[in-house]
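Working notes, beginning with the structure itself.
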Ligand SMILES: [Zn+2]
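Residue numbers (the working numbering): 3 to 253.
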């Protein structure tokens, strides 16, 4: 039986069982396997890996692990990589767009609220999520490690927090998005773009009180939902401010 030693750095330890965190893991194997497969067998999705060093040389995912190899695995972090030439992380996307799994509905709404193109449906299965992420170049956000281990998925991220407000801060931070937040541009229901619409065109669809108190309206280009600055708007505004403020708290 061959043995390789693995050392996972920093937040990659989040994926390991407690007794394997922050220690050198001796991994026995009898079959030929790539470093990518072995890292995933130990529980770490490839989408979280920035670079891998084997016996002090950087390698790519197709490297075949040998007996007595000493392996260091480094995570993708929000800070720029100082050695981009050895990184296995995919090229950054020119446009940041997302697709989320079924468990992240609140995060999907928050991302739309902040202006990010975000696909979310409660009936996508894992195969569809991976396929859409790949074909439409969308970052797949999930709390399912297995989903990120699918080979089709190149741009993905495992959301650590289970608290929706922390999740949005975590994602903004991970992808460095605070500067491109653009609230109230998208429909929270369907992800469609909002455009201004004159009151006369929507007045029949408005509740009585809204008719007299508001003069500015937006309508979703896709599902025709109407938006105005009611009491709900104040709450959303407050939420956005809290999220943007938390940047400094977390850093
Ligand atoms: Zn809509």
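For every residue, glycine included, the Cβ atom is placed at its ideal position computed from N, Cα and C.
- In the structure shown, the three-state DSSP call for residue 226 is coil.
- As DSSP reads the structure, residue 4 sits in a beta bridge with 31.
- Remark: the shortest separation between the CB of residue 194 and any heavy atom of ligand 1 falls under 6 Å.
- DSSP, reduced to helix, strand and coil, places residue 20 within a helical segment of the structure shown.
- Taking the C-beta atoms as reference points, residue 91 is found nearer than 7 Å to residue 52.
- Assignment of beta strand (DSSP E) within the segment 126 to 179, counting only whole runs of 3 or more residues, yields 141 to 144, 158 to 160 in chain order.
- Taking a 10 Å sphere around the C-beta of residue 47, we find 16 or more other C-beta atoms and assign the residue as buried.
- Residue 148 counts as exposed, since fewer than 16 other beta carbons sit within 10 angstroms of its beta carbon.
- A straight line joining the alpha-carbon of residue 234 with that of residue 240 spans about 10 Å.
- In the same chain as residue 207, and ignoring 5 residues on each side of it, the C-beta atoms closer than 8 Å to its own belong to 228, in chain order.
- Across the structure, residue 139 and residue 167 are spaced so that their CA atoms are roughly 25 Å apart.
- The beta-bridge partner set that DSSP reports for residue 99 consists of 119.
- Selection 63, 226, 109 evaluated against residue 119 yields 109 as nearest (Cα-Cα).
- The straight-line gap separating the alpha-carbon atoms of residue 38 and residue 98 is approximately 26 Å.
- Sequence-distant partners of residue 111 (beyond 5 residues in either direction) whose C-beta falls short of 7 Å from its own C-beta, in its chain, are 190.
- Taking all protein chains shown into account, residue 200 has fewer than 16 neighbouring C-beta atoms within 10 Å of its C-beta and is therefore exposed.
- The C-beta separation of residue 4 from residue 32 comes to about 7 Å, placing the pair in contact by the 8 Å criterion.
- DSSP places residue 60 outside any alpha helix (DSSP H); the residue lies instead in the beta strand (DSSP E), whose first and last residues are 59 to 61.
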